[in-house]
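In our numbering, the protein residues as written are 5 to 353. Idealized CB from N, CA, C, for every residue including glycine.
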């Protein structure tokens, strides 16, 4: 009689046990095959997605155009906000408060008043000019007027003009909306009050109306652009949504067969995502190119009206332009992906 235990031991001794090296080699082969399979699947998804985009070419063109309009509006909104804000800031930097003093006010008195008002933290710089300095500036501004210069050569006329030239103090500030400290100093200082010109008041509010107008334009451009952008964004989502829905409907039998043979859901959904993302990529490229051409055409005219386009010019004419293209393409891809996922969630069951 054969011992059962002996048979089992003999069987175990006869069975082949793979070595550690053979096991590692087998796992490596599985990983490589899996990677090749993923690459092959991705290639097929891209191929089928591109074919679906061209198959529904008119719907694809419509979706691309609507999304392009959306992205152009978005870029216009951003550019307008940058330009108007930069213009307002440039005007703020150019604003100076001019305080007029009686003709003949000496440089010593101007220096004393400068020391008194300089304690205000809102003051960026102060320039003073006595009557003689203002008279010289007047001559320089009218150096092409030969008749006036000839008349001013008369000593009596010279003395008359000099007696009417107010001394001035020009103050540049950091915040033109915060002038209370300067106004209080001028109104309450005995030195200022004793030397102020009685005919000309300080120019506290010059250009404030223009700055407020530009700020309101910036707000309107921002809000209006966001509203238009939101409207066209909804339209873009709906158009892409319907494009993907039509693609699903036209391929319903093909999708049914893929499900029957056990195709992965990612493989089924992939082509529709690729189709929507192609719309996003093309829209991003078109929108940025259109905005770039339009800006380069309008920039010289805007600069002629004193509008500061330097910030956008620097953005559009440097290496940052690549980032602008990339950002718009990314936004287009995101919009396309969201639209496609909404359509697939509802119709791809």
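Could you pull out every residue in the same chain whose Cβ sits closer than 6 angstroms to the Cβ of residue i, ignoring the five residues on either side in sequence?
i           : result
residue 67  : 243, 244, 247 and 283
residue 4   : No answer is possible for residue 4: it lies beyond the span of the chain, which begins at 5 and ends at 353.
residue 329 : 292
residue 347 : 245, 248 and 249
residue 167 : 107
residue 342 : none
residue 273 : 348
residue 109 : 171 and 199
residue 181 : none
Within 10 angstroms of its Cβ, does residue i collect 16 or more other Cβ (buried), or is it exposed?
i           : result
residue 150 : exposed
residue 14  : With a pLDDT of only 46 at residue 14, under 50, the local geometry of the prediction cannot be trusted, and no value is derived from it.
residue 340 : buried
residue 138 : buried
residue 132 : buried
residue 344 : buried
residue 153 : exposed
residue 4   : The structure shown does not extend to residue 4, since the chain is modelled only from 5 to 353, so the question has no answer here.
residue 350 : exposed
residue 125 : exposed
residue 171 : buried
residue 220 : exposed
residue 122 : exposed
residue 412 : With the chain covering 5 to 353 only, the question about residue 412 has no answer from this structure.
residue 238 : exposed
residue 72  : buried
residue 130 : buried
residue 236 : buried
residue 261 : exposed
residue 325 : exposed
What first and last residue would you give for the beta strand (DSSP E) that runs through residue i?
i           : result
residue 177 : 171-177
Using C-beta distances below 7 angstroms, list every residue in its chain close to residue i, excluding the 5 sequence neighbours before and after it, in chain order.
i           : result
residue 75  : 287, 288, 291, 332, 335 and 336
residue 317 : 303
residue 128 : 176, 177 and 178
residue 311 : 87 and 91
residue 60  : 247, 250 and 251
residue 81  : 225, 226, 229, 230 and 233
residue 275 : 49, 52, 53 and 56
residue 294 : 76
residue 299 : 83, 316 and 320
residue 100 : 174, 175 and 176
residue 113 : 199
Got a sec, what are the start and stop residues for the alpha helix (DSSP H) residue i sits in?
i           : result
residue 191 : 184-192
residue 167 : 159-168
residue 272 : 269-308
residue 259 : 256-264
residue 150 : 150-155
residue 106 : Segment: none, residue 106 is in no alpha helix (DSSP H) and carries neither H nor E.
residue 317 : 314-320
Give me, in chain order, the residues of the same chain whose beta-carbon lies closer than 8 angstroms to that of residue i; leave out the 5 immediate sequence neighbours on both sides.
i           : result
residue 198 : none
residue 338 : 284
residue 142 : 165 and 169
residue 241 : 339, 342, 343 and 346
residue 116 : 195
Measuring only from the beta carbon, is residue i closer than 7 angstroms to any heavy atom that is part of the ligand FAD?
i           : result
residue 144 : Among the components of this structure there are no ligands whatsoever, and the ligand FAD is therefore not found.
For the pair the region 285-293 and the region 330-337, tell me if three or more CB-CB distances fall below 8 angstroms. Yes: at least three Cβ pairs fall under 8 angstroms.
So does the region 136-155 actually touch the region 87-97, counting three or more Cβ pairs closer than 8 angstroms? Three or more Cβ pairs closer than 8 angstroms define a contact, and the region 136-155 falls short of that threshold against the region 87-97.
Are at least three pairs of beta-carbons, each pair with one atom in the region 306-321 and one in the region 253-268, less than 8 angstroms apart? Output reads no: the region 253-268 does not touch the region 306-321.
Any 3 or more C-beta pairs closer than 8 angstroms across the region 152-167 and the region 184-202: Between the region 152-167 and the region 184-202, the count of C-beta pairs closer than 8 angstroms stays below three; the two stretches do not touch.
Quick test of the definition: if touching needs 3 or more C-beta pairs under 8 angstroms, does the region 199-206 touch the region 102-121? By the Cβ test, the region 199-206 is in contact with the region 102-121, since at least three Cβ pairs between them sit closer than 8 angstroms.
Would you call the region 262-279 and the region 51-67 touching, i.e. three or more CB-CB distances under 8 angstroms? In the pairwise beta carbon analysis, the region 262-279 is classified as touching the region 51-67: at least three pairs are separated by under 8 angstroms.
Go through the region 110-140 residue by residue and report every complete run of the beta strand (DSSP E) that reaches 3 residues or more, in order. Counting only runs that start and end inside the region 110-140, the beta strand (DSSP E) elements of at least 3 residues fall at 127-133.
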